[in-house]
Amino acid sequence: MKAHRLLLILLFCSLLPLATHAQVKPNLQYTVGFGSSIDGMNDLYGLNFTNELNVRLGKRTSFNAGLSFYQSLGSYNEKTLPEYSNGKNNEQSSGIFITPSFKYDIIQRPSGFNLAFSAGPSLQLGGETFIRSDFISEAPSTSYYVNKYQRIGLFMELEAEWNSKNPNRKNAVSLSAFGADNSIPWYLNATYKMRFKVGKK
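Sequence positions in the sequence shown follow mature numbering (1 follows the signal peptide of the UniProt record, and there is no 0) and run -22 to -1, 1 to 179.
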């Protein structure tokens, strides 16, 4: 797993210089966002917060360096709880995601509306606590299990962007998914974003 993390860091470091030198005058944008998330593997809902640095490569292409955080808030599905739970569901999941990705504008309108798709590898540092049923014994029971993650998965996102009244800011909404261990989407995110210009045109 340390080798995987090192590989991702090296990939990130190697791609960023290429992106920043792809144009003589690169167009830099910084994005901050928040929204709701679903952990589809554990039937949990939560919140996500995201930060992105976007470097324009061409008319329709760009490179994103993303750092996001997810934390579950509760379960949307009733389950049989372990006896020692005292009636409270203690399932939870969380993670920090480091995501370099490439973005392509599928639709561009003169009004400033853009529809884009992006994809790339994503390193998750986090974990989960979930309920598992035990059907081996004559009297079925449930217990809590804990997983810690340092894993590389796949990130995909569909984003709609439009102009705001502030010429230096754009608004956007996105639907993104993270998948790992042959399961996608593991996490599904709906995010509202504000994007600010920080570089030359």
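Where a beta carbon is used, it is the ideal one built from N, C-alpha and C, also for glycine. Bear in mind the structure is a predicted one, so any value in this text is a computation, not a measurement.
**Prompt:** Skipping 5 residues on each side, what residues in its chain have a beta carbon closer than 8 Å to that of residue 119?
**Reply:** If you number the sequence shown from 1, residue 119 lands on position 141. Contacts found: 60, 61, 111 and 112.
- Query: Assuming residue 24 and residue 51 make a contact with CB atoms under 8 Å, what is their CB distance in whole Å?
  - Reply: Here residue 24 is taken as the residue at index 46 of the sequence shown, counted from 1. Here residue 51 is taken as the residue at index 73 of the sequence shown, counted from 1. Right, their Cβ atoms sit about 5 Å apart.
For residue 65, does the count of other Cβ atoms within 10 angstroms reach 16, so buried, or fall short, so exposed? What you label residue 65 is simply residue 87 of the sequence shown in a count that begins at 1. By the neighbour-count rule (16 or more Cβ atoms within 10 Å), residue 65 is not buried but exposed.
Same chain, Cβ closer than 7 Å to residue 126, five either side skipped, listed in chain order
Position 148 of the sequence shown, counted from the start, is the residue given in the question as residue 126. These residues qualify, in order along the chain: 105.
* Taking residue 157 as the reference, which of 73, 57, 7 and 81 has the closest Cα? -> Here the question's residue 157 lines up with position 179 in the sequence shown. Of the residues 73, 57, 7 and 81, the one whose Cα lies closest to the Cα of residue 157 is 73.
DSSP three-state call for residue 61: helix, strand or coil? As a first step, residue 61 must be located in the sequence shown, where it is residue number 83. In the structure shown, residue 61 sits in a helix (DSSP, three-state: H, G or I).
| said: Between the segment 139 to 149 and the segment 27 to 42, can you find at least three pairs of beta-carbon atoms closer than 8 Å? | reply: Between the segment 27 to 42 and the segment 139 to 149, the count of C-beta pairs closer than 8 Å stays below three; the two stretches do not touch.
Problem set entry | Coil, strand or helix - residue 176 by DSSP | Residue mapping note: residue 176 aligns to position 198 of the sequence shown, counting from 1. Three-state DSSP puts residue 176 in coil, outside helix and strand.
* Taking all protein chains shown into account, do 16 or more other C-beta atoms lie within 10 angstroms of the C-beta of residue 17, making it buried, or fewer, making it exposed? -> For the purposes of this step, residue 17 is taken as the residue at position 39 of the sequence shown. Under this definition residue 17 is a buried residue.
| task | Pick helix, strand or coil for residue 37, following the three-state DSSP scheme. | result | Within the sequence shown, residue 37 is the residue found at index 59, counting from 1. Coil at residue 37, not helix or strand.
Taking its Cβ as the centre, do 16 or more other Cβ atoms sit within 10 Å of residue 161, making it buried, or is it exposed? Within the sequence shown, numbered from 1, the residue matching residue 161 stands at position 183. So residue 161 ends up on the exposed side.
**Study point:** Alpha carbon of residue 54 to alpha carbon of residue 22, nearest angstrom
**Key:** Position 76 of the sequence shown holds residue 54. Position 44 of the sequence shown holds residue 22. A direct Cα-to-Cα measurement between residue 54 and residue 22 gives close to 6 Å.
For residue 135, I'd like the list of residues in its chain whose CB is within less than 6 Å of its CB, leaving aside the five on either flank, ordered along the chain. Position 157 of the sequence shown, counting from 1, holds the residue named residue 135. Closer than 6 Å at Cβ, skipping near neighbours: 96, 152 and 154.
Using the three-state DSSP reduction, which class does residue 87 fall into: helix, strand or coil? Within the sequence shown, residue 87 is the residue found at index 109, counting from 1. In this structure, DSSP gives residue 87 a state outside helix and strand, which the three-state scheme calls coil.
Practice item. State the Cα-Cα distance for the pair residue 186 and residue 82, rounded to the nearest angstrom. Key: Residue numbering for the chain in the displayed model covers -22 to 179; residue 186 lies beyond these limits and cannot be assessed.
Check whether residue 168 and residue 13 have beta carbons under 8 Å apart
Sequence index remark: in the sequence shown, residue 168 carries index 190 (1-based). Sequence index remark: in the sequence shown, residue 13 carries index 35 (1-based). Yes, the pair counts as a contact, with Cβ atoms nearer than the cut-off.
TODO: Let me know if residue 34 comes out buried or exposed under the rule of 16 or more other beta-carbons within 10 Å of its beta-carbon.
DONE: Reading the sequence shown from its first residue, position 56 is the one you call residue 34. Buried, by the Cβ-count rule.
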